[in-house]
Structures are given as structure tokens and as C-alpha cells.
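Here the structure is laid out as C-alpha cells; the discussion comes afterwards.
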Amino acid sequence: MLPFPPKKEEDFAPLFPPEVLRRGLAYFQEGRVLRVFRVGERVFGLVQGSAEAPYQVEVGPGLLGQCTCPYPDFPCKHAAALLYAYVEGTVPDLAPLIEALTPEEAKDLLKKLAVIPDVALYLAEALAPEKAFLEAVKALRWAFRLGGGLGETKALSLRLDRAGREEVEAYLEALLEAPFDPEPYLRVALERYLALTPRLSFLLNLYLRHPSEALREAFLQVAGERGEE
Numbered sequence: 001m002l003p004f005p006p007k008k009e010e011d012f013a014p015l016f017p018p019e020v021l022r023r024g025l026a027y028f029q030e031g032r033v034l035r036v037f038r039v040g041e042r043v044f045g046l047v048q049g050s051a052e053a054p055y056q057v058e059v060g061p062g063l064l065g066q067c068t069c070p071y072p073d074f075p076c077k078h079a080a081a082l083l084y085a086y087v088e089g090t091v092p093d094l095a096p097l098i099e100a101l102t103p104e105e106a107k108d109l110l111k112k113l114a115v116i117p118d119v120a121l122y123l124a125e126a127l128a129p130e131k132a133f134l135e136a137v138k139a140l141r142w143a144f145r146l147g148g149g150l151g152e153t154k155a156l157s158l159r160l161d162r163a164g165r166e167e168v169e170a171y172l173e174a175l176l177e178a179p180f181d182p183e184p185y186l187r188v189a190l191e192r193y194l195a196l197t198p199r200l201s202f203l204l205n206l207y208l209r210h211p212s213e214a215l216r217e218a219f220l221q222v223a224g225e226r227g228e229e
């Protein structure tokens with residue numbers, strides 16, 4: 001595995017698709033990377049994309065991470081831009097400073113950071129990931145009612161690996177309200193759901209409301225496994 005955090009472009013460039021890397025470099029050169037910081041082996045930052053609000057990016061060893069952009073795959077151009085900014089600048093490692101804080105100092109620092117909107121999003125996901133996910137699903141439903149929500153759907157799909165059964169069920173139910181074909185996103189969510197002790201009755205109810213191929217396959221898989229037991 002290539003060294004991480006990277007010290008030079010060659011430490012991360014081979015892991016990116018060429019076009020994604022090229023666009024990430026362009027973003028970096030345009031000054032779109034607004035903030036960069038490091039905690040241990042992970043690099044975090046804010047990158048201004050096409051949306052009004054900057055995207056939150058997190059990259060770790062092996063280029064495993066996440067970005068709040070709607071791009072379905074990771075690493076994206078925003079991750080590339082962040083890493084270019086990291087290797088070109090001097091970014092202090094905050095881990096030793098954080099570890100040196102007393103519990104009271106850490107609590108006081110978190111309270112101060114919580115009033116900064118961009119940082120508050122990170123804190124919400126870190127401290128209460130289930131609640132943050134359900135709030136995002138609620139916002140997704142509103143976006144669907146307004147005829148949009150595709151970008152939000154893609155962003156939530158990237159967060160499914162940290163969602164529990166209740167959160168994934170809420171997301172699956174919301175997808176049935178999408179103003180576009182939800183089939184690709186149902187498949188992604190169902191893959192996660194099947195790893196979380198799925199409820200057969202829940203899958204049946206979803207299928208009766210929205211008889212999609214993905215839901216049919218998931219229902220039959222769970223029914224078959226339960227039958228074997």
C-alpha cells in the first residue's frame with residue numbers, strides 16, 4: 001500500500017482514475033480547497049464544488065473515505081484536490097494536540113466548534129451518526145417533494161456503511177417517494193440492509209408498495225435463508 005498521508009503526488013495519483021485526478025488538480029489550482037487539516041492518518045477538508053456549500057471530504061489510507069458531493073464513486077475529484085493541497089502545504093497533525101487535552105478542555109473545545117456550521121456537521125455524524133442519518137433522510141423526503149433529491153440520494157448512499165437497520169429502513173422507505181427511478185439506489189441500500197439482520201415483513205411491505213426487481217430479489221434471498229434455518 002502506498003504511504004499515507006502522502007508526501008508527494010506519486011503517493012496517491014496511481015489510485016485515482018486519470019480524468020478524476022486531472023479535474024482534482026484543476027480544482028486545487030483554481031483555489032477551491034478552502035480548508036485542510038490532518039488527524040493521525042486521515043486528511044480532512046472543505047472543497048468548493050458546483051454547489052453553493054463546500055463539500056466535506058475525508059480521506060484515509062488506501063484512499064478510503066467519503067465526500068458529501070453527489071458523485072457516486074470514491075475517490076472523487078474533490079478528494080484529489082484535497083490531497084494536492086495537502087502535499088503542497090504544511091498541515092499540522094492535530095492528533096497529539098487532541099490527545100494532550102484534558103476531558104474538560106476537550107468538552108469546551110467541542111462546544112466552541114459546534115457553533116461553526118461546517119464543523120458541526122462533522123461532529124453530528126461522529127457523535128450521533130444514527131440521528132444525523134435520520135435527519136438527512138428527513139431532508140431527503142422534502143427534496144423529493146420539491147422534485148429533486150438526486151444529489152442528496154447519492155450522498156446518503158455513500159454513508160450507508162455506517163448506518164444501522166433503523167436508518168437503512170428509513171432510507172429505503174424514503175426512496176419509494178423519489179421523483180426518479182430509485183432502482184440503482186435501492187440495490188445499494190438493500191446490499192447494506194441484508195447485512196443487518198433484515199426483517200422479512202419489512203421487505204414484503206416495501207415490495208407490495210413498489211414491486212421492483214431489487215426488492216423482489218432481496219425478499220426471496222431472505223425468505224430462502226430463513227427457510228433453510
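Counting from 1, one number per residue, gives the positions in the sequence shown under the UniProt record's numbering.
Each residue gets a CB set at the ideal place from its N, CA and C atoms; glycine is no exception.
No residue range can be given for Val-115, since it is assigned to no beta strand (DSSP E) and is classified by DSSP as neither H nor E. Between Pro-75 and Leu-63, the C-beta gap is smaller than 7 Å, which places the two residues in contact.
Annotation: Phe-44 is outside any alpha helix (DSSP H); the continuous beta strand (DSSP E) that includes it extends over 42-47.
Here Val-33 is bridged, per DSSP, to Val-47. DSSP places Glu-173 in the helix class (H, G or I) of the three-state scheme. Measuring C-alpha to C-alpha distances from Leu-134 to each of Leu-123, Gly-147, Ala-174 and Asp-108 identifies Ala-174 as the nearest. Closest in C-alpha terms to Val-36, from the list Glu-9, Pro-96, Gly-45 and Pro-18, comes Gly-45. In this structure the region 117-133 does not touch the region 141-149; the number of beta carbon pairs closer than 8 Å is below three. Distances from the alpha-carbon of Ala-195 to those of Pro-5, Ala-218 and Gln-56 put Ala-218 closest. Shown here, Glu-52 sits in coil according to DSSP, grouped into three states, outside any helix or strand. Per DSSP, the beta bridge partners of Val-59 are Val-43 and Gly-65. Close CB contacts of Arg-165 within its chain, under the 6 Å cut and outside five residues either way in sequence, are with Leu-196 (chain order). Residues Arg-32, Leu-34 and Pro-54 of the same chain have their beta carbon placed closer than 7 Å to that of Gln-48, with the five preceding and five following residues left out of the count. Considering only Thr-68, Val-59 and Arg-42, the residue with the shortest C-alpha distance to Ala-51 is Thr-68.
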